[in-house]
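*Asks:* Each residue of the sequence shown is one higher than the one before, counting from 1 in our numbering. Ideal Cβ positions, reconstructed from N, Cα and C, are used throughout, including at glycine. First the structure, then my questions, so here it is.
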Amino acid sequence: MKKHLIALDLDGTLLKDDKTISTKTWKVIQQAKQAGHTIAIATGRPYRASKMYYQQLGLSTPIVNFNGAYVHHPADRSFRSFHQPLDLDLARTVIETCRTLNVQNMLAEVLDEVYMDEHDESFIDLLAFQGPVTGAGKLERVLPNSPTSLLVYPQEGTAERLQDLLSSSEAKGMHQRSWGEPHHMIEIIKKGNHKANGLEKVAAYAGLSMEDVIAFGDEDNDLEMLEAAGTGLAMGNASADTKSVANEVIGTNEEDGIAHYLEERLKLSADDTVLFKN
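Take a look at the structure:
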């Protein structure tokens with residue numbers, strides 16, 4: 001059977017709503033690995049917030065973080081890491097623009113370092129944050145280096161207006177996306193960064209092409225990945241735009257959609273596995 005690179009988004013895709021991997025999905029993924037397929041994670045999360053799932057799945061592949069702005073291999077130092085941060089001066093301009101609409105908060109990440117405009121435990125809880133805050137205070141002052149990403153939490157009802165204001169900066173080298181309804185977080189990364197670019201590097205490492213990729217996603221930050229993959233699958237709980245670019249819409253993240261698809265496509269069965277979840 002043809003070997004594939006199976007690319008997994010985390011939130012709303014691999015993970016159930018309680019942020020866990022179901023036993024069935026875990027077992028099917030282990031069987032896919034045993035059958036010679038390559039498994040990789042492609043997420044908007046930083047590595048610190050995806051490491052536990054990487055380890056839980058027992059992966060040994062590069063991981064795509066920050067929607068493609070950072071790709072590295074946690075165990076293989078021969079893999080050439082890829083990091084494309086946002087220009088620092090542009091980041092400061094974006095921060096100033098956000099202040100004109102009195103946003104609730106802003107957060108900047110430089111790989112696994114975290115800088116918050118205003119230290120706010122409720123904001124941390126909202127993001128299911130993992131790891132300590134490196135610094136807090138006016139981001140223009142405390143941000144020391146070009147950020148891998150900026151995350152903006154706008155005032156209720158102002159997200160669309162803020163995105164319009166930021167659009168003038170998009171042509172200068174940034175890309176923005178909104179996610180996390182109903183909160184409408186706005187994430188900003190360097191223009192040209194997306195999961196598909198990151199997956200190309202993972203596929204090359206595995207000796208495969210993008211045509212060999214089976215990708216699963218649910219949000220707008222998965223669009224390029226699903227379009228570039230040989231097979232792009234949208235979860236049943238995916239956004240309308242995500243469903244529109246997918247080759248197929250499968251079950252939801254609460255229905256073991258990934259497991260059921262892989263069982264049929266790759267002729268696997270979680271019931272036959274002798275592996276047990278840790």
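(1) Just to confirm my understanding: we take N33, look at its own chain, exclude 5 residues before and 5 after, and list those with CB closer than 7 Å. What are they?
(2) With a cut-off of 8 Å, do at least 3 Cβ pairs link the region 49-63 to the region 8-17?
(3) List the whole-angstrom C-beta distance separating N67 from I189, where the pair is believed to meet the contact cut-off of C-beta under 8 Å.
(4) Once the 5 residues before and after N247 are set aside, which same chain residues still bring their CB inside 6 Å of it?
(5) In the DSSP assignment, what residue or residues form a beta bridge with Y70?
(6) Determine the burial state of D218: buried for a count of at least 16 other Cβ atoms within 10 Å of its Cβ, exposed for fewer.
(7) What are the boundary residues of the beta strand (DSSP E) that includes T231?
(8) Measuring only the C-alpha atoms, how far is D18 from H260?
(9) State the Cα-Cα distance for the pair P85 and A69, rounded to the nearest angstrom.
(10) Determine the direct distance from the alpha carbon of V64 to that of F276, and round the result to whole angstroms.
(11) Which whole-angstrom value is the C-beta distance of W286 and N237, which I expect to be below 8 Å?
(12) Could you tell me if Q155 is buried or exposed, where buried requires 16 or more neighbouring beta carbons within 10 angstroms of its beta carbon?
(13) Here's the rule: buried if 16 or more other CB atoms are within 10 angstroms of the residue's CB, otherwise exposed. What is S167?
(14) Compute the Euclidean distance between the alpha carbons of G251 and M235, then round it to the nearest angstrom.
(15) In this structure, does DSSP put K51 in helix, strand or coil?
(16) Figure out for me which residue from G157, V71 and P147 has the closest Cα to the Cα of D87.
(17) Which two residues bound the contiguous alpha helix (DSSP H) that contains M1?
(18) Can you tell me whether R45 is buried or exposed? The criterion is at least 16 other CB atoms within 10 Å of its CB, across all chains shown.
(19) If the criterion is Cβ atoms closer than 7 Å, does the pair K191 and M210 meet it?
(20) Starting from the Cα of G157, find the closest Cα among P144, L101, I124 and G198 and give me that residue.
(21) Would you mind reading off the limits of the alpha helix (DSSP H) that contains T25?
(22) Assign L275 to one of three DSSP states: helix, strand, or coil.
(23) For V274, count the other beta carbons within 10 Å of its own beta carbon; 16 or more makes it buried, fewer makes it exposed. Which is it?
(24) Note down the Cα distance separating I95 from V142, rounded to an integer number of angstroms.
*Replies:* Quick look at the numbers:
(1) Counted from its first residue, the sequence shown places residue 33 at position 33. Strictly speaking, residue 33 in this sequence is Lys, with Asn absent from that position. Correct list, in chain order: I39.
(2) yes
(3) Taking the first residue of the sequence shown as 1, we reach residue 67 at position 67. Taking the first residue of the sequence shown as 1, we reach residue 189 at position 189. Confirmed, Cβ separation roughly 6 Å.
(4) Against the sequence shown, residue 247 aligns to sequence position 247. Cβ neighbours of N247 beyond the five flanking positions: T231 and G232.
(5) Here residue 70 corresponds to residue number 70 of the sequence shown, with the count starting at 1. Paired residue(s): N65 and H83.
(6) Looking up residue 218 in the sequence shown gives position 218. Per the 10 Å Cβ criterion, buried.
(7) Reading the sequence shown from its first residue, position 231 is the one you call residue 231. Residues T231 to A234.
(8) Within the sequence shown, residue 18 is the residue found at index 18, counting from 1. Within the sequence shown, residue 260 is the residue found at index 260, counting from 1. Straight-line Cα distance between these residues: approximately 20 Å.
(9) If you number the sequence shown from 1, residue 85 lands on position 85. If you number the sequence shown from 1, residue 69 lands on position 69. Going by the C-alpha atoms only, they are around 7 Å apart.
(10) Working through the sequence shown from its first residue, we reach residue 276 at position 276. Working through the sequence shown from its first residue, we reach residue 64 at position 64. Reliability of the predicted coordinates at F276 is poor, the pLDDT of 47 falling under 50, and no value is obtained from them.
(11) It is not possible to answer for residue 286, since the shown part of the chain is limited to 1 through 278.
(12) To locate residue 155, count along the sequence shown from 1; it is residue 155. Classification for Q155: exposed.
(13) What you label residue 167 is simply residue 167 of the sequence shown in a count that begins at 1. Flag for S167 reads exposed.
(14) Position 251 of the sequence shown, counting from 1, holds the residue named residue 251. Position 235 of the sequence shown, counting from 1, holds the residue named residue 235. Approximately 6 Å, taken between the alpha carbons.
(15) Taking the first residue of the sequence shown as 1, we reach residue 51 at position 51. In the structure shown, K51 sits in a helix (DSSP, three-state: H, G or I).
(16) As a working mapping, residue 87 is identified with position 87 in the sequence shown. Measuring from the Cα of D87, the nearest candidate turns out to be P147.
(17) If you number the sequence shown from 1, residue 1 lands on position 1. Run containing M1: none; DSSP gives neither H nor E here.
(18) Within the sequence shown, residue 45 is the residue found at index 45, counting from 1. By the 10 Å Cβ count, R45 comes out buried.
(19) Position 191 of the sequence shown, counted from the start, is the residue given in the question as residue 191. Position 210 of the sequence shown, counted from the start, is the residue given in the question as residue 210. No, they are not a contact pair.
(20) To locate residue 157, count along the sequence shown from 1; it is residue 157. If we check each option's Cα against that of G157, L101 comes out closest.
(21) Position 25 of the sequence shown holds residue 25. T25 -> alpha helix (DSSP H) spans T23 to Q34.
(22) Locating residue 275 in the sequence shown gives position 275, where the first residue counts as 1. With a pLDDT of 49 at L275, under the threshold of 50, the predicted position of this residue should be treated as unreliable, though the coordinate-derived value follows. Reduced to three states, the DSSP call for L275 is coil.
(23) Along the sequence shown, read from residue 1 onward, the residue named residue 274 stands at position 274. Below a pLDDT of 50, predicted positions are generally treated as unreliable, and V274, at 43, falls in that range; the measurement from the model is reported next regardless. Under this definition V274 is an exposed residue.
(24) Position 95 of the sequence shown, counted from the first residue, corresponds to residue 95. Position 142 of the sequence shown, counted from the first residue, corresponds to residue 142. When rounded, the distance between both Cα atoms is 12 Å.
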